[in-house]
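Trainee: Sequence lines, in order, name chains D and V. Under my numbering, the first residue of the first sequence is numbered 59, with each subsequent residue one higher. Under my numbering, the first residue of the second sequence is numbered 59, with each subsequent residue one higher. The C-beta atom is built at its ideal place from N, Cα and C for all residues, glycine as well. Bear in mind the structure is a predicted one, so any value in this text is a computation, not a measurement.
Protein chains: 2
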Amino acid sequence: MGTVSKALSLLTYFSRSRTEIGLTEMVKLSGINKATVHRLLSELLQHGIIEQTAEKRHYRLGPALPILGSLREAAVPIREISKKVLQLISDLTGETSHLSLLRNELLHVVSFAYSSRHGTRVTMEDGTQITFHSTSSGLVVLSFSSQDFLKKMLSKPLQKHTSLTEINSKKIEKKLLSFRKNYLAESISGFELDVHSLACPIFDSSRRCIGAVAIAAPVSRMDTSSIKVTTSALRKAAVELTNSIGGVFPEDFKNLNFNE
Amino acid sequence: MGTVSKALSLLTYFSRSRTEIGLTEMVKLSGINKATVHRLLSELLQHGIIEQTAEKRHYRLGPALPILGSLREAAVPIREISKKVLQLISDLTGETSHLSLLRNELLHVVSFAYSSRHGTRVTMEDGTQITFHSTSSGLVVLSFSSQDFLKKMLSKPLQKHTSLTEINSKKIEKKLLSFRKNYLAESISGFELDVHSLACPIFDSSRRCIGAVAIAAPVSRMDTSSIKVTTSALRKAAVELTNSIGGVFPEDFKNLNFNE
DNA sequence: AATTTTTGGTTCATTATTTGAACCTACGTA
DNA sequence: TACGTAGGTTCAAATAATGAACCAAAAATT
Chain D
59 MGTVSKALSL LTYFSRSRTE IGLTEMVKLS GINKATVHRL LSELLQHGII
109 EQTAEKRHYR LGPALPILGS LREAAVPIRE ISKKVLQLIS DLTGETSHLS
159 LLRNELLHVV SFAYSSRHGT RVTMEDGTQI TFHSTSSGLV VLSFSSQDFL
209 KKMLSKPLQK HTSLTEINSK KIEKKLLSFR KNYLAESISG FELDVHSLAC
259 PIFDSSRRCI GAVAIAAPVS RMDTSSIKVT TSALRKAAVE LTNSIGGVFP
309 EDFKNLNFNE
Chain V
59 MGTVSKALSL LTYFSRSRTE IGLTEMVKLS GINKATVHRL LSELLQHGII
109 EQTAEKRHYR LGPALPILGS LREAAVPIRE ISKKVLQLIS DLTGETSHLS
159 LLRNELLHVV SFAYSSRHGT RVTMEDGTQI TFHSTSSGLV VLSFSSQDFL
209 KKMLSKPLQK HTSLTEINSK KIEKKLLSFR KNYLAESISG FELDVHSLAC
259 PIFDSSRRCI GAVAIAAPVS RMDTSSIKVT TSALRKAAVE LTNSIGGVFP
309 EDFKNLNFNE
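1) Flag V:Ala132 as yes if its beta-carbon sits less than 8 Å from any beta-carbon of chain D, otherwise no.
2) Please name the residue or residues paired with D:Gly269 in a DSSP beta bridge.
3) Can you list, in chain order, the residues of the region 156 to 168 of chain D whose Cβ is nearer than 8 Å to any Cβ on chain V?
4) If the cut is a Cβ gap below 9 Å, which residues of chain D does V:His105 touch?
5) I'd like to know whether the C-beta of V:Thr94 is nearer than 8 Å to at least one C-beta of chain D.
6) Let me check understanding here. Comparing Cα to Cα, which of D:Leu144, D:Glu153, D:Leu200 lies closest to D:Cys236?
7) Determine whether the Cβ of D:Ala122 lies closer than 8 Å to any Cβ atom of chain V.
8) Using CA coordinates, which residue listed in V:Glu309, V:Ala275, V:Ile260, V:Asn301 is at the minimum distance from V:Asp149?
9) Which word fits V:Asp262, buried or exposed, when buried means at least 16 other C-beta atoms lie within 10 angstroms of its C-beta?
10) Which chain D residues are close to V:Glu101, counting only those with a beta carbon under 8 Å from its beta carbon?
11) Using a beta-carbon distance below 8 Å, is D:Ile125 in contact with chain V?
12) Helix, strand or coil for V:Val154? Go by DSSP, reduced to three states.
13) What's the gap between the Cα of V:Ser334 and the Cα of V:Ile139?
14) Counting only beta-carbon separations shorter than 8 Å, does D:Thr77 have a partner in chain V?
15) Looking at C-alpha atoms only, which residue of D:Thr181, D:Leu164, D:Leu98 is the closest neighbour of D:Gln187?
16) Check distances from the C-beta atoms of the region 223 to 245 of chain V to those of chain D and list, in chain order, the residues that come in under 8 Å.
17) Is V:Leu234 closer than 8 Å to V:Cys258 when the C-beta atoms are compared?
18) With distance defined between alpha-carbon atoms, name the residue in D:Tyr172, D:Val95, D:Ile268, D:Ala122 nearest to D:Ile207.
19) Can you say whether D:Ala171 is buried or exposed, counting buried as having 16 or more other CB atoms within 10 angstroms of its CB?
20) Just verifying my parser: in three-state terms, what is the DSSP assignment at D:Leu292?
21) Quick one, are the C-beta atoms of D:Arg5 and V:Ala65 less than 8 Å apart?
22) Could you work out which residues of chain V lie near D:Gly185, taking near to mean beta carbons separated by less than 7 Å?
23) Please report the residue range of the alpha helix (DSSP H) in which V:Gln104 lies.
24) What is the rounded straight-line gap between the Cα of V:Glu83 and the Cα of V:Leu69?
25) For D:Leu98, which residues in chain V fall below 7 Å Cβ to Cβ?
26) Have a look at D:Ile125 and D:Lys232 and give me their C-alpha separation to the nearest angstrom.
27) Please classify D:Glu244 as buried or exposed, where buried requires at least 16 other C-beta atoms within 10 Å of its C-beta.
28) Mind checking which residues open and close the beta strand (DSSP E) that includes D:Ile246?
29) Based on Cα-Cα distance, which residue from V:Arg137, V:Lys141, V:Thr111 lies nearest to D:Ala133?
Put into structure tokens, the structure is as follows:
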């Protein structure tokens, strides 16, 4: 691993639940020597990629990131484009939709939309991390991943978020086969007891699955007819979103007939 | 310069007007050897900091940046916080306000707010780069910068954006003295003929000036009385914003009396 | 259609930077 | 006061970065 990669890998330890990391903590997390970590952090610091808190001298993500992020958005307005598509399917289905993309072996919510049809809704936040085994987005991405990646993700300890979270990797793998065949994954109460979600895959320019569009609804509202509406909306949105980010949907998709 | 810094420095060549950069072009821009640039870009590529276009294999800012940017925002919600403060002073003054921060020796708009009082307004965009010599924000930052930085910025060729842009560095330096004394810079028609702007400095935790809050209005609306209102609103906002980003306003500011 | 130029990308011996065990200093705690 | 832990530093040894020359392929030019 090159020095640059090592430095950038340090950024992956920051998350919504861990916004500040001390030097020693970072050493433990990364397994890299303290002097090295310190030097890498110093370089990132110089460029505003991270910054240091005044009190405890802990590190956190820096001011350059929102600026670079908005420059990226200006160059490739995925968020903007996807917001439109997402709003459409949220309006159509009456439920919360979201787009999530892979980054560094983790899925992140990139964009989302709400519907105002119902008084209750599944809430969402930009940048949130998504687990692979307990959400429809995660599952559909896994179903299109390499065996290596799949094994890696399923061999980690799988957290039981609810009483209904499936954590048996054999059983999960079995489900993935049909998810892949249908270009659609489902998760009922896997992450939160009251949430039922459906997801379709998103592909990049080399036909690799790099994310998912999903719709999440309260369990009680996901009946047979809304599942039908949701599924067809998601399939269309997935193709549209894949195209809009310069990706290519697999050839065979067009020839499939999903009248299950 | 360390390898990490070298890699990160490549990111500075991307801007709103140059969203894609080829390998050879990047070599020219950075003055670094081609093999090195290629390796650095490859490492950034791996982490999604940049990505490559399918057609021309050019490089552009990557999908990790908006994700990291929103994580940063979640950890230190400058944009969110500043939007409130900015909206307040925009409502009060009836004009467009914005917050800009230094990154890599460049000023960028981080957040802004409009007022709906008038039919015309100065328009703004997140991430826009701001020049030092022709805007009030740039000038106020210069007035609080080190001599080194000042010389460096003023020795570059200064673009004459309008017929009234001051490009005589001696004259600019003279003005900076009073700007610093007053914690307030002014620019009339320096960047656009019809824009009059005022700016106050923002400081970080080590009392270094890292940006500015500014109000920009059509020249015709900036009369003596609105300048008074604007100035006092900006001074308050600057202290508030400085505090909200964990910065410290210089001690002497409190003791000053600005009844000019 | 043939040729030249320019592009993105690679190779590998030389060179310079990164690395890490041990060390330092400051602060909080028992 | 003694102890543990924090962030940060040192410097010889180890390793990774570097760059001139080189490819292959796509544009541009003839």
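Mentor: A quick look at the data gives this:
1) Taking Cβ atoms only, chain D reaches closer than 8 Å to V:Ala132, which makes this a yes.
2) Partner(s): D:Leu159, D:Ile260.
3) Flagged, chain order: Leu159, Arg161, Asn162, His166, Val168.
4) Within chain D, the residues near V:His105 are Val62, Ser63, Leu66, Ser67, Leu69, Thr70, Arg161, Asn162.
5) No - not a single Cβ of chain D is within 8 Å of the one on V:Thr94.
6) Here the sequence assigns Ser to residue 236 of chain D, which means Cys is not the residue at that position. Taking only the C-alpha atoms, the option nearest D:Ser236 is D:Leu200.
7) Taking a beta-carbon distance threshold of 8 Å, D:Ala122 counts as an interface residue toward chain V.
8) In terms of CA proximity to V:Asp149, V:Ala275 leads the group V:Glu309, V:Ala275, V:Ile260, V:Asn301.
9) Classification for V:Asp262: buried.
10) The answer, in chain order, is Gly60, Val62, Ser63, Leu66.
11) Output row for D:Ile125: interface = yes.
12) Rather than Val, the amino acid found at residue 154 of chain V in this sequence is Thr. In the three-state reduction of the DSSP assignment, V:Thr154 falls in the strand class.
13) This structure gives no information on residue 334 of chain V, because the portion of chain V shown stretches from 59 to 318.
14) Interface flag for D:Thr77 against chain V is set, since a Cβ pair is found closer than 8 Å.
15) Per the Cα distances, D:Leu164.
16) So the list is empty, because no residue satisfies the distance condition.
17) No, these two residues do not count as a Cβ contact at 8 Å.
18) For clarity, residue 207 of chain D is Phe in the given sequence; the question names Ile instead. Of all alpha-carbon atoms in D:Tyr172, D:Val95, D:Ile268, D:Ala122, the one lying nearest the alpha-carbon of D:Phe207 is that of D:Ile268.
19) Here D:Ala171 is buried: its Cβ has 16 or more other Cβ atoms, across all protein chains shown, within 10 Å.
20) Per DSSP, reduced to three states, the secondary structure at D:Leu292 is helical.
21) Absent from the structure is residue 5 of chain D, since the part of chain D shown begins at 59 and ends at 318.
22) Identification of chain V residues near D:Gly185 by a Cβ-Cβ cut-off of 7 Å yields Ile125, Ser128, Leu129, Ala132, ordered along the chain.
23) That run of the alpha helix (DSSP H) goes 92 to 104.
24) In a straight line, the C-alpha of V:Glu83 is about 13 Å away from that of V:Leu69.
25) Going along chain V in sequence order, the residues near D:Leu98 (Cβ under 7 Å) are Val62.
26) Near 43 Å, if we compare the C-alpha coordinates of D:Lys232 and D:Ile125.
27) A residue is called buried when at least 16 other Cβ atoms come within 10 angstroms of its Cβ; D:Glu244 meets this threshold and is buried.
28) Boundaries of the beta strand (DSSP E) harbouring D:Ile246: 243 to 246, taken from the DSSP string.
29) It is V:Thr111 whose Cα lies nearest to the Cα of D:Ala133.
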